[in-house]
Amino acid sequence: MSDIHALVGQIVPAVGAAVGAYGVSVLSRAEDQAADATVRLGQRLLDRILRRTPDRAPIEAAVTDLAATAGDPDALAALRLRLRGLLEENPSLAAELAALLPAPPAAQADGARSVAVSGSVSGIVSTGDAAINIQRR
Numbered sequence: 016m017s018d019i020h021a022l023v024g025q026i027v028p029a030v031g032a033a034v035g036a037y038g039v040s041v042l043s044r045a046e047d048q049a050a051d052a053t054v055r056l057g058q059r060l061l062d063r064i065l066r067r068t069p070d071r072a073p074i075e076a077a078v079t080d081l082a083a084t085a086g087d088p089d090a091l092a093a094l095r096l097r098l099r100g101l102l103e104e105n106p107s108l109a110a111e112l113a114a115l116l117p118a119p120p121a122a123q124a125d126g127a128r129s130v131a132v133s134g135s136v137s138g139i140v141s142t143g144d145a146a147i148n149i150q151r152r
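Numbering (my numbering), first residue to last: 16 to 152.
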């Protein structure tokens, strides 16, 4: 299930960029050569999602709400929730969308005690001798 969360985390920014660029017309707009790579990726992802989804209405409603609220975090979260549910129910669509996404950058660390992170870190990363790390919650 965490794979779906990671996949949705990659899909939503691209679809959000397409919605931000074209508004609700992204639902019917053909690919525009002048659009930047992220917007084009978002258009391709959304097109594939809508073509493979039997009930398009919830996704279209989430996209329409996002377009109407100009990137509101709650509208973006609603789109993320709809997409996550759809992909959890349809693993073959999740695999298709994953194939459309660019490979994540490789983590590379150079030098003594360097740390390589590919993705995100939630917590302390410490490489020092006799380091004392205190994290209060």
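Here a beta-carbon is modelled for each residue, glycine too, at the ideal position from N, C-alpha and C.
**Report entry** Alpha-carbon to alpha-carbon, Val132 and Asp89
**Finding:** On the sequence shown, position 74 is the one that residue 89 refers to. On the sequence shown, position 117 is the one that residue 132 refers to. Cα to Cα, the separation comes out at about 28 Å.
Report task. Measure the C-alpha to C-alpha separation of Ala72 and Gly100 and round it to an integer number of angstroms. Result -> By 1-based counting over the sequence shown, the position of residue 72 is 57. By 1-based counting over the sequence shown, the position of residue 100 is 85. Rounded to whole angstroms, Ala72 and Gly100 show a C-alpha spacing of 14 Å.
**Report entry** N-terminal and C-terminal residue of the alpha helix (DSSP H) that Leu116 is part of
**Finding:** Translated into the one-based positions of the sequence shown, residue 116 becomes position 101. Segment: none, Leu116 is in no alpha helix (DSSP H) and carries neither H nor E.
Query raised in the report: Any idea if Gln150 is buried or exposed, counting beta-carbon neighbours within 10 angstroms, 16 or more meaning buried?
Result: To locate residue 150, count along the sequence shown from 1; it is residue 135. Exposed, since its Cβ has fewer than 16 Cβ neighbours within 10 Å.
**Report entry** Rounded C-alpha distance that separates Gln58 from Ala121
**Finding:** What you label residue 58 is simply residue 43 of the sequence shown in a count that begins at 1. What you label residue 121 is simply residue 106 of the sequence shown in a count that begins at 1. Each residue's alpha carbon lies about 25 Å from the other.
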